Every structure is written in structure tokens, then in C-alpha cells.
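Right, one structure below, let's go through it.
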Amino acid sequence: MERFRLARALGDALAAPLGHLVAYGAPAAIAARLFDPAAGPGAAATAADHDAGPLWEVLATRHPWPVLAALPLPPEIRRLAAHTRALLGEDGDGGGVEEADGVEDEAGVPYRLRPWEDVGWERDTRVREYLPGGGARRALHLAPPTREGLGVIELPSPGARLTGLPATARLAALADWTTAVCVRGRATDAAAQLAAGPDVTGGQLPFAALYPALVHLASARRDRGAAQGRLAVRQLLVAMDCTATPGAAAVDALVGRLHCLAWTEPGDELRHLHLALEDPATGLAWALSGTTSEPA
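Heads up, the sequence shown is in my numbering, so the first residue is 1 and it goes up one at a time.
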């Protein structure tokens, strides 16, 4: 622990791998001291400290919530750890996150995953799998998730784009290798803005099938965890809904009415994402598209 604190205070690159080893292998009470502000100026880890992934996420994957809840973690770290355990399947049953911290966090985000958050992926693919000596493995979630059932879709001619909407900014902020646009129209109108040609291979999918790819897109950077990806996607949905009371019920209603389209491109690299989201209640549609050879 002292080696980590000294390395971090000095800006030594060894702080990251040392922090990983402590967060992964030390008893929970000792690992929690990584984030203790009493360690001195510059010596305590923050939510941004990372090696293969955030140190707080390493810690959160190593212990059940009743153990984590008893630790003196800073509020931000505690919140992210709680959402991580929720992604891994802990909820209000049997001493889970809700029992310790309530149904929602301070921002009104429910700890228990909504049904549409839970059904599209296996629990062991949601969060990085951290390794004892450093490094991590991560599942690959794409949009569309599979090419099975896709067909040729004829897109309309691209029309005018809408600019300045907060939801478009939220969508664009999910990753630096994708492009986001908004139009007044349907999902196909939005897709036409970014597709390589007038015809694409694609299909309509429920939002639940695209949700894993969006969460992983928003948490692909090594300094971001899956919990932050989940929170970013929720902020996106709240911005798309534009209601005065952006609670869980409003977000659920938006997800239920979204018309979603995903498509593929001939030049797709290993990681790719092409989707359009249409809200028939507002007449607005967004598209997000990109591909990269960078590993997840």
C-alpha cells in the first residue's frame, strides 16, 4: 500500500499496476485504503485511477456488496461499486445493494437493473474480468449483435440534420470513434445520414438488444467502468425523453416506444456499431455509427 501511495504521489507509472494488485488481491478493508483521502496529497486513488480498468471496478468485482457496503469508501467510489454489483446480479434480495443503499442512488438511478437492461446479455459479460497479475478480459458487444435475420433495407435520401440537442451531445460523447446525428423523422432517415450507401443490410431490433453495445461503448476506455457506461446510457435516455420528471417510469416508457434499427457496413472492423433510435412521441430520431480496429 505504501509503495502505491508513494508512486502515485510522485506520478510514477508503477502506481497503476501496483494499485491493480492491491485492489485485486488484498483483503477488502486494506484495498479500500487505496481511496482513503487521509493518505496525503496526491496519494489516494480517485475514480479515474486505472490500469487495465478502474481500480474501483477491480475492487467491486472482488467482493459482494455486503462486504463493500461496510467499507469507508468515498461516496463516488461507493456509488460506482454499488452499480457494478447491480450489473453483476446483486439487487435487493438477500442483503444486496438496495437493502444497504436504498432503491435509487442520489441521482435517481435505480440500483436494480430494469428488465430491458437485464435480458440482452449474460451477467459474466457485463464487466471486465480482471486477472490476478494485471490485465483484464472483456466481452465484445456489437450493434447489430449478430447478422442473423438481417436483410436489405432501402434508405431514403438524406435530409436536414437537427443540431444543438442535448441528447445528440450525449450520444456523441459515448465514444470518440463514432459519429452521432439527429433528424426529424424516422429511424431510416437518421440512418441515411451516416450509412455508406442507399441500401444497407440491417433490421429492426428491440432496444434491449442494443443496450449492451451502448454500455460497453461508453465504458471502453480503460479509465471507465461498466457502471459508468450504464449511467451514461441512462443520461442519454433522459436527454432523449425531454420530460420534466426523468424517473425510472419515464425511461421505461421511452425504451418501450423506441423504434430501433441496426445495420452493417462493408468496411466494418472488429469493433463496429451502427444504430438508429426513433422516438415516435417526439418525431425525432438519432443515429450513431462507427467502426474501429482498436481492441475493446
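By construction, the Cβ of each residue, glycine as well, lies at the ideal position given by its N, Cα and C atoms. Being a predicted model, the structure only gives us computed values, none of them experimental.
With respect to the 8 Å criterion, residue 227 and residue 84 are classified as neighbours on the basis of their beta carbons.
Under the DSSP definition of a beta bridge, residue 264 partners with 201. For residue 286, there is no enclosing alpha helix (DSSP H); the residue is part of the beta strand (DSSP E) that begins and ends at 284-292. Only residues of its own chain outside the window of five on either side were considered, and among them 141, 142, 143, 145, 273, 275 have a CB closer than 8 Å to the CB of residue 213, listed in chain order. One thing to note: residue 188 has its Cβ within 8 Å of the Cβ of residue 155. Distance from the CA of residue 180 to the CA of residue 202, rounded to the nearest whole angstrom, comes to 18 Å.
Contact between the segment 5-25 and the segment 46-59 is established, with three or more Cβ pairs separated by less than 8 Å.
Check the Cα spacing between residue 174 and each of 123, 253, 199, 290: the tightest is with 290.
Closest by C-alpha distance to residue 168, out of 238, 2, 157, is 238. Here DSSP, grouped into helix, strand and coil, assigns residue 148 to coil.
When C-alpha distances from residue 267 are compared across 37, 110, 27, 196, the shortest belongs to 196. Look at the segment 4-68 and you find these whole runs of alpha helix (DSSP H), each 4 residues long or longer: 15-25, 28-31, 55-62. The distance from the Cβ of residue 279 to that of residue 261 is about 13 Å, inconsistent with a contact at the 8 Å cut-off. Counting along the chain, the unbroken beta strand (DSSP E) around residue 272 starts and ends at 271-279. According to the DSSP assignment, residue 234 belongs to the alpha helix (DSSP H) that extends over 226-241.
Nearest C-alpha to residue 161 among 137, 190, 135, 170: 190. Apart from the 5 residues on each side of it in sequence, residue 198 sits with its Cβ closer than 6 Å to the Cβ of 155 in its chain, given in chain order. Straight-line spacing of the CA atoms in residue 250 and residue 113 works out to 15 Å. Within the model, the alpha-carbon separation for residue 11 versus residue 234 is close to 34 Å. Taking a C-beta distance under 8 Å as the contact criterion, residue 147 and residue 264 qualify as a contact pair. Beyond the five residues adjoining it in sequence on each side, residue 58 comes within less than 7 Å, by CB distance, of 20, 23, 24, 130 in the same chain, given in chain order. In its chain, beyond the 5 residues on either side, 207, 208, 211, 255 have a beta carbon closer than 7 Å to the beta carbon of residue 116.
In the three-state DSSP reduction, residue 216 falls in the helix class (H, G or I).
Under the DSSP assignment, residue 84 falls in the alpha helix (DSSP H) whose first and last residues are 75-87.
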